[in-house]
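Presented below is the structure to which this report refers.
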Amino acid sequence: MIGTEVESRRRRRIVVAGMAIAAVAILASSLASSRSVAAGPEEMPSPHTTEYVPSISDLMIATIQPRHEWLWRAEQNGNWEFAAYELGNLRGAFRRLGQAHPTEHDTSFPDMIASVTEQPFNELDSAIQAKDTAAYAKAYADLTDACNSCHQALNHGVVEIRVPNRPSASDLNTNRASRN
Ligand code: HEC
Numbered sequence: 068m069i070g071t072e073v074e075s076r077r078r079r080r081i082v083v084a085g086m087a088i089a090a091v092a093i094l095a096s097s098l099a100s101s102r103s104v105a106a107g108p109e110e111m112p113s114p115h116t117t118e119y120v121p122s123i124s125d126l127m128i129a130t131i132q133p134r135h136e137w138l139w140r141a142e143q144n145g146n147w148e149f150a151a152y153e154l155g156n157l158r159g160a161f162r163r164l165g166q167a168h169p170t171e172h173d174t175s176f177p178d179m180i181a182s183v184t185e186q187p188f189n190e191l192d193s194a195i196q197a198k199d200t201a202a203y204a205k206a207y208a209d210l211t212d213a214c215n216s217c218h219q220a221l222n223h224g225v226v227e228i229r230v231p232n233r234p235s236a237s238d239l240n241t242n243r244a245s246r247n
């Protein structure tokens, strides 16, 4: 008698536990569906909680400076294909920089960027097409002057960019010949 009562009580507990699990599952799925309905068009997380807009200096170090260096190294190694690739990437990086920071010192940042970089970019482009080392050296120096003219104009003259003068150790192989 006692045995069966214990047994039936255990069963009841299992049933209750089962119902509780089912209830939680229903609640969870209805929450999930109501959330996906509520999320609607803005499935992206709220910009106020998660969005990080990298500063101009963050972008300079992350997206501009390395490409400026690699452009130089590509030409040093006679890798015109890689120079063309990096030139495209550097242009894109400046474009995104201007989109992320539309105004600086009350002036349009994209306009500022274009005013100093457009000419050297076009010169670099032509030099790469022509595989013209001398023209490339001049255009690269002009681009480097463009970096510094903006830094000076925006009171960041302390950031002085130069034409690199020796190949440095790097994990990026821009020298096709060294692979053979
Ligand atoms: C149109 C303006 C502009 C141009 C062009 C420009 N920069 Fe800058 N750069 C800035 C500004 C503004 C800062 C300083 C940002 C700050 O500290 O808030 C900066 C800072 C830097 C820094 C220092 C970042 C740090 O955190 O230490 C580096 C490195 C740099 N630039 C590299 C370059 C290179 C390389 C080029 C050219 C290929 C270039 N910049 C072209 C505006 C420019």
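My numbering puts the first residue of the sequence shown at 68, with every later residue one more than the last. C-beta atoms are modelled at their ideal positions from N, C-alpha and C, and glycine is treated no differently. Just so you know, these numbers come straight off a predicted model, no measurement behind them.
Taking 8 Å as the cut-off, decide whether the C-beta atoms of residue i and residue j are in contact.
i           : j           : result
residue 187 : residue 213 : yes
residue 141 : residue 241 : yes
residue 153 : residue 138 : yes
residue 172 : residue 221 : yes
residue 194 : residue 202 : yes
residue 146 : residue 243 : yes
residue 128 : residue 157 : no
Does the ligand HEC have a heavy atom nearer than 7 Å to the CB of residue i?
i           : result
residue 153 : no
residue 184 : yes
residue 175 : no
residue 171 : yes
residue 167 : no
residue 191 : no
residue 132 : yes
residue 128 : yes
residue 230 : no
residue 213 : yes
residue 195 : no
residue 120 : no
residue 210 : yes
Should residue i go down as buried or exposed, given a rule of 16 or more other Cβ atoms within 10 Å for buried?
i           : result
residue 197 : exposed
residue 232 : exposed
residue 106 : Low local confidence applies: a pLDDT of 47 at residue 106 is under 50, so the model's placement there is unreliable, with the coordinate-based value given in what follows. With fewer than 16 other Cβ atoms within 10 Å, it is exposed.
residue 206 : buried
residue 101 : Confidence is the limiting factor: at residue 101 the pLDDT is only 44, short of 50, which leaves the residue's position unreliable and the question unanswerable from this model.
residue 162 : exposed
residue 225 : exposed
residue 183 : buried
residue 97  : Note on residue 97: pLDDT 47, under 50, position unreliable in the model; the coordinate value appears next. Classification of residue 97: exposed, given that the 10 Å Cβ count is below 16.
residue 104 : With a pLDDT of 46 at residue 104, under the threshold of 50, the modelled position of that residue is not reliable, and the figure given next carries that caveat. Burial call: exposed.
Tell me, which residues are paired with residue i by DSSP?
i           : result
residue 174 : 171
At a cut-off of 7 Å, is residue i close to the ligand HEM when judged by its beta-carbon and the heavy atoms of the ligand?
i           : result
residue 123 : By its list of ligands, the structure shown excludes the ligand HEM, since it contains just the ligand HEC.
Enumerate, from N- to C-terminal direction, the unbroken beta strand (DSSP E) stretches of 3 or more residues contained entirely within the stretch 140-216. Assignment of beta strand (DSSP E) within the stretch 140-216, counting only whole runs of 3 or more residues, yields no such run.
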